[in-house]
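The sequence shown begins at -14 in the working numbering and counts up one residue at a time.
Each residue gets a CB set at the ideal place from its N, CA and C atoms; glycine is no exception.
Only a predicted model underlies this, so the values are computations on that prediction, with no experimental measurement involved.
Below is one structure; the comments refer to it alone.
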Amino acid sequence: MNVQSVLDWLLSLPPSLLLPAMAILAIAENIFPPIPADVLIALGAFIAARNDASPLPAFLVVLLGNVAGAMAMYAIGRRYGAAWTEERFHLKHKEGAESSLSSWYARYGLLSLAIGRFLPGIRAVVAPFAGALRAPITGTAAAITIASGAWYGLVTLAAFRAGSNWEDLVALVGRMGRWAAIVAIVLAAGLWFAWSRHRRRAKG
């Protein structure tokens, strides 16, 4: 996807349609995972900032759109089960993906869902897989809201504080995504270590 063409499209929108467009992009991230929604939403916020808009409405429409899209996928995953989720996200071709997600949820519950939303390769799978595992809907919504709020809050803030060069913003969002993934992996490793240690003590 050409970032410049998307930027031109966003720039062509009247101010009244910019926030709805950002909400649609946030929803689409959960349904069409290859979409680089982080970058597109950052560009939308970047343009909103240049139109003297407030960061709060931009953040809220993105958050609500993202959570709505995620919970729609949760409902679909709950309705059609693990087999559909595996087929939809090609987990059958990723050895151990299903068992890993299941075991992480069994060990760490809703916290594992929140952490998973920060991992680029897993983010889109979290909501439908939570539905397939029949995780509590309120807890799942809370975990996704907290994780999405933290991430898109940072993206929106970065866009509103960026200079006049959108290419610098795109690079910044890329770095933020990598650091968020690293932090999530470190946290996941810490949880695994703590769980393993607790298990050894329980056996001993």
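Under 8 angstroms between the Cβ atoms of W192 and F103?
The requested residue 192 does not occur in the structure, where the chain is confined to residues -14 to 189.
Distance, L95 Cα to A126 Cα
In the sequence shown, residue 126 corresponds to position 141, counting from 1. In the sequence shown, residue 95 corresponds to position 110, counting from 1. For A126 and L95, the distance between alpha carbons rounds to 10 angstroms.
Between D(-7), L25, S(-10), S97, which lies nearest to V47 when the distance is taken from Cα to Cα?
For the purposes of this step, residue 47 is taken as the residue at position 62 of the sequence shown. When only C-alpha atoms are compared, the closest one is L25.
I'd like the list of long-range same chain contacts for I16, defined as Cβ closer than 8 angstroms, with 5 residues on each side in sequence excluded.
Along the sequence shown, read from residue 1 onward, the residue named residue 16 stands at position 31. Excluding sequence neighbours, I16 sits near G54, A57, M58.
Using the beta-carbon count (16 or more within 10 Å), is T196 buried or exposed?
Outside the modelled stretch of the chain, which goes from -14 to 189, sits residue 196, for which no answer is possible.
Short Cβ contact (8 angstroms threshold) for F74 with A99
Locating residue 74 in the sequence shown gives position 89, where the first residue counts as 1. Locating residue 99 in the sequence shown gives position 114, where the first residue counts as 1. No, Cβ-Cβ distance for F74 and A99 is not below 8 angstroms.
Nearest to A115 by alpha carbon, out of R64, M7, L49, S(-10)?
Counting from 1 along the sequence shown, the entry for residue 115 is found at position 130. That would be R64, whose Cα lies nearest to the Cα of A115.
Can you list, in chain order, the stretches of the alpha helix (DSSP H) that have 4 or more residues and sit fully within the stretch -11 to 40?
Segments of the alpha helix (DSSP H) lying fully in the stretch -11 to 40: 0 to 16, 22 to 35.
Going by alpha carbons, who is nearest to A128 out of A117, L118, A112?
Here the question's residue 128 lines up with position 143 in the sequence shown. Of A117, L118, A112, the smallest CA-CA separation from A128 is found for A112.
Rounded separation between A67 and R119 - CA only
Mapped onto the sequence shown, residue 67 falls at position 82. Mapped onto the sequence shown, residue 119 falls at position 134. So the two alpha carbons sit approximately 10 angstroms from each other.
First through last residue of the alpha helix (DSSP H) which encompasses A99
Locating residue 99 in the sequence shown gives position 114, counting from the first residue. Element bounds for A99: 95 to 101.
Leaving out five residues before and five after L28 in sequence, what residues of the same chain have Cβ atoms less than 8 angstroms from its Cβ?
Within the sequence shown, the letter at position 43 stands for residue 28. Same-chain partners within the cutoff: V(-12), V(-9), L(-8), L(-5), A144, W151, L154, V155.
How long is the line joining the alpha carbons of N51 and F44, rounded to whole angstroms?
Within the sequence shown, residue 51 is the residue found at index 66, counting from 1. Within the sequence shown, residue 44 is the residue found at index 59, counting from 1. Whole-angstrom Cα-Cα distance: 11 angstroms.
What is the DSSP secondary structure of E83, counted as helix, strand or coil?
For the purposes of this step, residue 83 is taken as residue 98 along the sequence shown, with counting starting at 1. Note on E83: pLDDT 49, under 50, position unreliable in the model; the coordinate value appears next. Note: E83 maps to helix in three-state DSSP.
I believe F31 touches A132 by the beta-carbon criterion, under 8 angstroms. Please report the beta-carbon distance rounded to the nearest angstrom.
On the sequence shown, residue 31 is found 46 positions in, with the first residue counted as 1. On the sequence shown, residue 132 is found 147 positions in, with the first residue counted as 1. Actually they do not touch by this definition, with Cβ atoms about 23 angstroms apart.
Buried or exposed: which applies to E72, given that a residue is buried once 16 or more other Cβ atoms fall within 10 Å of its Cβ?
Walking along the sequence shown from the start, residue 72 turns up at place 87. Classification for E72: exposed.
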